[in-house]
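K.L.:
Chain order of the listed sequences is A and B. Start counting the first sequence at 1; every next residue gets the next number (my numbering). Start counting the second sequence at 1001; every next residue gets the next number (my numbering). The following block contains the structure, expressed as structure tokens.
Number of protein chains: 2
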Amino acid sequence: MTTVTALPPDSLARAKPLVEPALKEAIAGLHPSLALMSGYAFGWCAADGTPVCAPGGKALRSAVALLVAQAAGGAARDAIPVAVAVELVHCFSLMHDDIMDGDELRRARPTVWKAFGSGPAVLAGDAMMALALQAAARTGVETACDELADSLTSLTRGQAEDLAFEARPFTGPAAVSVDEYLAMARDKTGALLGCAAAMGAAVAGAGGATVAAYRRFGNELGLAFQAVDDILGIWGDPRSTGKPVGGDLARGKKTLPVLEALTSGSAASTRLARLVQRPLTGGDLRRAATLVERAGGRRQTRHHARTHHQRALHALKSATPRPGPGDDLAELAAYLLHRTA
Amino acid sequence: MTTVTALPPDSLARAKPLVEPALKEAIAGLHPSLALMSGYAFGWCAADGTPVCAPGGKALRSAVALLVAQAAGGAARDAIPVAVAVELVHCFSLMHDDIMDGDELRRARPTVWKAFGSGPAVLAGDAMMALALQAAARTGVETACDELADSLTSLTRGQAEDLAFEARPFTGPAAVSVDEYLAMARDKTGALLGCAAAMGAAVAGAGGATVAAYRRFGNELGLAFQAVDDILGIWGDPRSTGKPVGGDLARGKKTLPVLEALTSGSAASTRLARLVQRPLTGGDLRRAATLVERAGGRRQTRHHARTHHQRALHALKSATPRPGPGDDLAELAAYLLHRTA
């Protein structure tokens, strides 16, 4: 249960071909203009509809739903509608977040709003949300509507809080605290992974306590994932991450490494506090990354990642998973902690 | 059952105070920034949060849900979660449609995106969708998730088709046909009213055939409503409608009166076809309205409104409603046909 690897585990590679046909079938039922934008977002086609094979995301939420269903005593195929629902919600939230954040690139391609316009991208996101709901209704999970509603409410609250952070200072009494950041990340990243895990368990007929344990597993996994994401957002290799070097710093994002560094009280922290008062470019970006590291921001963020990873494993253990898929879930968690992309 | 009136019926006035407290409670649970935008959209506050009492819509979907619940043998209060869900979906779709259409005014106030920015308005719409889903999960209707998913899928398909119409010509082989327009309106306006009626019946414990009859009632009511809306969009009094004179013509919208006029083959139709090739302003707007009327566009649209109104009444009759609320539903339908605002 303690495999350490930077390579994507087999479970991710296995999830995609199981879920993709059902995803494609759902999307084929949309209005042609919406199906085109959705197919583009999943990396299945170019903006003009030409079939391509662009990187379309990790299928992480799918893998969690399928593996949890198996770990809870069910079959992976029974969780396909769950996987479809959570992948659609994830894709919908990326589409809309990219509009709000003004992000022009995702996985090294123009974002949907950049390629098709903001209005159409809003609508395509809405349509994927509607499809997600249809898929949820077909899971056979009695609480599917509730589960999806709760994760959507959390997603929007997390994004609202993330947007509100932009208007708040890095330092001083109104500064964003580490705890506030973690609460935001729990909503924005943890909730949907928790939903994927909980619905995967529910579809396998698990009882309330087991469903809750898997939800905690997904939730904590999401927090570990986000902490690692924040590290990669500053120190990641652009060739692996598909994102620009120091991208989060350049955009003035209040991420965990920066917030931790600013609370360390060290000399590096004081210098960093002065530096982040203005937009960062070129040499300042490198300087800021060095100061965040010297002030312990990277180490502390790594610590958060490990803590939530440990909590995820603890929740997983308490759900008493079947050994094979249980090991796969632990391997997936280890990969998310050690990944470089 | 054949009351003809241009005054809003009591049932609309009664629905609002029943549903609004539950709506307000749901919205109060949102992130403060999202609650503000939602409250603004419903006409409860100004953009800075100051309480106001601005016109916040007709509560038409609420009234239909509550009255159908009573007509099907239940109590109005049991349908409050249904009413909350459909009002939230309606408000969400207006918020997002206003972004896509670039509309700057709604009910004589700046639209949400105009007052708060497009990104925040996208998110506020998403949050209302999530709340709608939470409300639907609480209706006690087993098929609530399905019902809402289907109406959302229809809404997005209708809006996609409406946007696609903009890029198509008024005349020639690629012109938008009247049948295509009606299919779009069934998706964009009929589906949600059908959902409100169907869920109102389901919450009262009605059987499948009765639920389906009420869904047809709502659906046809929506089509009649849209036809009247199209007439008011050209010939309505701006003081009553809150919209500019000839607004739909000025925006080059392909509405039912124009499409009908263009297919009449009359001399007025030919002149209209030439006129609408370019954007209309000032005197051309008045001329276009006159030509649409002369070519029979207004009369034909009135005919569509009456046809769908009749079909709605027929569906209502087949559901064998309880007399009191059944009469109220017929009165509501008559009002929608004869309204001037």
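Ideal Cβ positions, reconstructed from N, Cα and C, are used throughout, including at glycine.
Check residue 1051/B in the structure and name its three-state DSSP category.
P.N.:
strand
K.L.:
Report buried or exposed for residue 320/A, applying the criterion of at least 16 other Cβ atoms within 10 angstroms of its Cβ.
P.N.:
Result: exposed.
K.L.:
Looking at C-alpha atoms only, which residue of 301/A, 330/A and 303/A is the closest neighbour of residue 315/A?
P.N.:
330/A
K.L.:
Quick check on this structure: which residue in 1054/B, 1127/B and 1052/B has the alpha carbon closest to the alpha carbon of residue 1029/B?
P.N.:
1127/B
K.L.:
Residues of chain E with CB closer than 7 Å to the CB of residue 1146/B, please, in chain order.
P.N.:
Included in the structure are the protein chains A and B, with no chain E among them.
K.L.:
Could you check what DSSP says for residue 1131/B in three-state terms: helix, strand or coil?
P.N.:
helix
K.L.:
Taking residue 94/A as part of the alpha helix (DSSP H), name the residues at either end of that continuous run.
P.N.:
It spans 80 to 101 - the alpha helix (DSSP H) in which residue 94/A sits, taken as one unbroken run.
K.L.:
DSSP three-state label for residue 30/A, please.
P.N.:
coil
K.L.:
Applying a beta-carbon distance threshold of less than 8 Å, which residues of chain B neighbour residue 353/A?
P.N.:
Absent from the model: residue 353/A. The displayed extent of chain A is 1 to 341, so no value can be given.
K.L.:
Whose CA, out of 1186/B, 1017/B and 1161/B, lies closest to the CA of residue 1176/B?
P.N.:
Selected option, being the one with the closest Cα: 1161/B.
K.L.:
Buried or exposed for residue 325/A, please, with buried defined as at least 16 other CB atoms from any protein chain shown within 10 angstroms of its CB.
P.N.:
buried
K.L.:
Could you pull out every residue in the same chain whose Cβ sits closer than 6 Å to the Cβ of residue 1265/B, ignoring the five residues on either side in sequence?
P.N.:
none
K.L.:
To the nearest angstrom, how far is it from the Cα of residue 291/A to the Cα of residue 275/A?
P.N.:
It is roughly 9 Å from the alpha-carbon of residue 291/A to the alpha-carbon of residue 275/A.
K.L.:
Using a 10 Å radius around the Cβ and a threshold of 16 neighbouring Cβ atoms, would you call residue 2/A buried or exposed?
P.N.:
Residue placement at residue 2/A is poorly supported in this model, since its pLDDT is 46, which falls under 50; the coordinates are not used for a value here.
K.L.:
Shorter than 7 Å from the beta carbon of residue 1096/B to some beta carbon of chain A?
P.N.:
yes
K.L.:
Hey, how far is the Cα of residue 1093/B from the Cα of residue 1121/B?
P.N.:
11 Å
K.L.:
For the pair the stretch 299 to 318 of chain A and the stretch 217 to 230 of chain A, tell me if three or more CB-CB distances fall below 8 Å.
P.N.:
yes
K.L.:
Does the CB of residue 1084/B have a neighbour CB from chain A at under 7 Å?
P.N.:
no
K.L.:
Is residue 1105/B helix, strand or coil by DSSP?
P.N.:
strand
K.L.:
Are any of the Cβ atoms in chain A nearer than 7 Å to that of residue 1211/B?
P.N.:
no
K.L.:
Helix, strand or coil: which one does DSSP assign to residue 1120/B?
P.N.:
Correct three-state label for residue 1120/B: helix.
K.L.:
Looking at the C-beta of residue 152/A, does it have a partner C-beta in chain B at a distance below 7 Å?
P.N.:
yes
K.L.:
Compute the Euclidean distance between the alpha carbons of residue 1011/B and residue 14/A, then round it to the nearest angstrom.
P.N.:
Cα-Cα distance, rounded: 56 Å.
K.L.:
So the candidates are 59/A, 341/A, 179/A and 136/A; which of them puts its Cα closest to the Cα of residue 198/A?
P.N.:
Considering only 59/A, 341/A, 179/A and 136/A, the residue with the shortest C-alpha distance to residue 198/A is 136/A.
K.L.:
What is the DSSP secondary structure of residue 279/A, counted as helix, strand or coil?
P.N.:
coil
K.L.:
Round the Cβ separation of residue 1076/B and residue 1070/B to the nearest angstrom and send it over; I've been treating them as touching at under 8 Å.
P.N.:
5 Å
K.L.:
What runs of the beta strand (DSSP E), each 3 residues or longer, lie entirely inside the stretch 1134 to 1176 of chain B?
P.N.:
none
K.L.:
Would you mind giving the Cβ-Cβ distance between residue 1195/B and residue 1148/B, rounded to the nearest angstrom? I have them listed as a contact below 8 Å.
P.N.:
7 Å
K.L.:
So who's on the other strand from residue 45/A, going by DSSP bridges?
P.N.:
51/A
K.L.:
Tell me which residues share the same chain as residue 114/A and place their Cβ nearer than 6 Å to its Cβ, disregarding the 5 neighbours each side in the sequence.
P.N.:
A distance below 6 Å between beta-carbons, with the five flanking residues on each side excluded, links residue 114/A to the following residues of its chain, in chain order: 104.
K.L.:
In the DSSP assignment, what residue or residues form a beta bridge with residue 110/A?
P.N.:
105/A
K.L.:
Name, please, each residue of chain B whose Cβ falls closer than 8 Å to the Cβ of residue 134/A.
P.N.:
1146, 1149, 1150 and 1153
K.L.:
In the DSSP assignment, find the unbroken alpha helix (DSSP H) run with residue 60/A in it and report its ends.
P.N.:
60 to 71
K.L.:
Assuming contact is defined by CB atoms lying nearer than 7 Å, are residue 249/A and residue 272/A in contact in what I supplied?
P.N.:
no
K.L.:
Can you have a look at residue 124/A and say buried or exposed, based on whether 16 or more other CB atoms are within 10 angstroms of its CB?
P.N.:
Per the 10 Å Cβ criterion, buried.
K.L.:
Hey, would you say residue 246/A sits closer than 7 Å to residue 234/A, going by beta carbons?
P.N.:
yes
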